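Under this note's numbering, think of the first position of the sequence shown as 2, with each following residue one higher.
Glycine included, C-beta positions come from ideal geometry on N, C-alpha and C.
Quantities reported herein were computed from a predicted structural model and do not represent experimental measurements.
Let me begin by presenting the structure, written as structure tokens, before commenting on it.
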Amino acid sequence: MTDSLMSTYNRLPVTFDHGAGAWLWDNHGRKYLDALSGVAVCGLGHAHPAVTEAICTQAGRLVHTSNHYGVARQEELAAELIRLSGMDKVFFCNSGAEANEAAIKLARLYGHQKGIQLPTIVVAEDSFHGRTLATLTATGNRRIQAGFEPLVQGFVRVAFNDLDALRTVARNNHNIVAVLIEPIQGEGGVNVPDEHYLSGVRALCDEYGWLMMLDEIQTGMCRTGKWFAFQHSDIKPDVMTLAKGLGNGVPIGACLALGEAAQTFKPGSHATTFGGNPLACSAALAVIHCLEQGHLAERAAVLGEHMLNGFARALAGHQQVRAIRGKGLMIGIELYRPCAELVGQALSQGLLINVTAERVVRLLPPLILTDGEADQIIEGVSTLIHAFAKAA
2 MTDSLMSTYN RLPVTFDHGA GAWLWDNHGR KYLDALSGVA VCGLGHAHPA VTEAICTQAG
62 RLVHTSNHYG VARQEELAAE LIRLSGMDKV FFCNSGAEAN EAAIKLARLY GHQKGIQLPT
122 IVVAEDSFHG RTLATLTATG NRRIQAGFEP LVQGFVRVAF NDLDALRTVA RNNHNIVAVL
182 IEPIQGEGGV NVPDEHYLSG VRALCDEYGW LMMLDEIQTG MCRTGKWFAF QHSDIKPDVM
242 TLAKGLGNGV PIGACLALGE AAQTFKPGSH ATTFGGNPLA CSAALAVIHC LEQGHLAERA
302 AVLGEHMLNG FARALAGHQQ VRAIRGKGLM IGIELYRPCA ELVGQALSQG LLINVTAERV
362 VRLLPPLILT DGEADQIIEG VSTLIHAFAK AA
């Protein structure tokens, strides 16, 4: 690997050359089963033919025009996302962090329009919302923020899955304009809240006139067994952000809004150069078509249950395993001690996994995973954890 790149990643000793479905091949021809899918990006797996065809066809016609002009593919994609989510309007950008920046700006503008001079957003401990200055401030992880002070003002933090903490903030801070949370925390350790947590947040937002803003960057696009994780409950957010699985690897993000929130931005409020260009939107339209035609939300729900049950059997009574949790194909196995070394051990076994929050094995396989591939992941990860425990 070259030393010409800035040292922003601790890269593993592998370079991938090509992929197909749930598999990747390195530049020496070795094959790997991908249980991470680019951190929930490649929901359709690698080199999906329909996405490849859409990209190639669009690239041969038109890659980019400014957002000063109409973009037909952008309008088609917005209509599809509105159909699937029930939201009202969409702003397109290039990444999850950019989508959350748009949400944060929207909330502040919404607050100022209500006469609140210091609009403040409630965020959660152990959250992850991105690495731009505002989104890393919103992120509930001191390690990510360290060294980048002064941080952005206008955030207060509460414990995730704690409605009483939110009520306390409501009583004591009259500058709150919005709550920004993940329906399931991904980077924080695949933390699934109680069944009624989101509806409780919705009720408090309605009571106090706050915007409910959901970061669905990792949970969206069928990952949890629904098109969007909020659809497991009977609520709708005012703002929702998407990225990762939306383009299956082609960079695209989106900030969707409903009702009054959808009317907040006006021309000049916010903008992007590349966001929602014809190439990215064509890829995302192909992704939506494939997810829908393949019933991959339902598939993720069924396969996720199969994998959770499989891990429960394979790791039953294991003294090093603290919890096995998840929803759909978003699965976390929490151990009692840090286990980052499992990532390298899995790589040596031809398996791509991730460890987050120091001690949680995180699995985000592609939604096109076969039953046999799912069983290979269960066996491979369980074997690694058993060996890890013996080495303690």
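Judged by DSSP in its simplified three-state form, Met308 adopts helix.
Partner residues in the beta bridge of Val124, as assigned by DSSP, are Arg158.
Remark: three or more beta-carbon pairs, one from each stretch, lie closer than 8 angstroms, so the segment 100–115 and the segment 161–179 are flagged as touching.
Beta bridge pairing from DSSP links Met213 with Val180. Under the DSSP assignment, Ile332 falls outside any alpha helix (DSSP H), being part of the beta strand (DSSP E) whose first and last residues are Met331 to Leu336. Contact between the segment 31–46 and the segment 345–358 is present, with at least three C-beta pairs closer than 8 angstroms. For Lys328, the uninterrupted beta strand (DSSP E) run begins and ends at Val322 to Lys328, by DSSP. Beta-bridge analysis with DSSP links Tyr33 to Leu25.
With at least 16 other beta carbons inside 10 angstroms of its own, Val382 counts as buried. Rounded to the nearest angstrom, the gap between the Cα atoms of Val288 and Lys391 is 43 angstroms. Phe229 is classed as buried because its beta carbon has at least 16 other beta carbons within 10 Å across all chains shown. By the C-beta density criterion, Val157 is exposed, having fewer than 16 other C-beta atoms within 10 angstroms. Contact between the segment 250–267 and the segment 308–326 is absent: fewer than 3 CB-CB pairs across the two stretches fall below 8 angstroms. Judged by DSSP in its simplified three-state form, Gly112 adopts helix. For Thr273, there is no enclosing beta strand (DSSP E), as DSSP gives it neither H nor E.
Val42 and His19 have their C-alpha atoms spaced approximately 16 angstroms apart. Considering only Gly155, Val91, Asn101 and Pro151, the residue with the shortest C-alpha distance to Ile117 is Gly155. Beta-bridge partners assigned by DSSP to Thr371: none are found.
DSSP places Thr242 in the strand class (E or B) of the three-state scheme. Three or more Cβ pairs drawn from the segment 37–55 and the segment 360–371 lie within less than 8 angstroms of each other, which places the two stretches in contact. When C-alpha distances from Ala263 are compared across Leu212, Leu304 and Gly295, the shortest belongs to Leu212.
Its chain contains Arg74, Gln75 and Leu78 as the residues whose beta carbon lies nearer than 6 angstroms to that of Cys282, once the 5 sequence neighbours on both sides are disregarded; these appear in chain order.
Just measuring C-alpha positions, the residue of Tyr70, Trp24, Val322 and Leu199 sitting nearest Thr274 is Tyr70. Taking C-alpha positions only, Val123 is separated from Val159 by approximately 7 angstroms. Note: Cys206 is not bridge-paired with any residue in the DSSP secondary-structure output.
Around the C-beta of Asn95, 16 or more other C-beta atoms lie within 10 Å, and the residue is accordingly described as buried. Counting every other CB atom within 10 Å of its CB across the protein chains shown gives Arg363 a total of 16 or more, marking it as buried. For the 8 angstroms CB-CB criterion, Asp27 and Thr16 form a contact. At the C-beta level, Gly318 and Arg326 stay beyond 8 angstroms of one another. Around the Cβ of Arg144, a 10 Å sphere holds fewer than 16 other Cβ atoms; the residue is exposed. In the DSSP assignment, Gly254 falls within the unbroken beta strand (DSSP E) covering Gly254 to Ala258.
Within the same chain, Cβ atoms closer than 7 angstroms to the Cβ of Glu102 are found at Thr133, Ala135 and Thr136, the five residues on either side in sequence being excluded. Per DSSP, the beta-bridge partners of Cys94 are Gly254. Note on Thr138: 16 or more other CB atoms within 10 angstroms of its CB, so buried under the neighbour-count rule. According to DSSP, residue pairing for Arg363 in a beta bridge involves Gly333 and Asn355. Measuring C-alpha to C-alpha distances from Glu54 to each of Leu385, Ala284 and Phe389 identifies Ala284 as the nearest.
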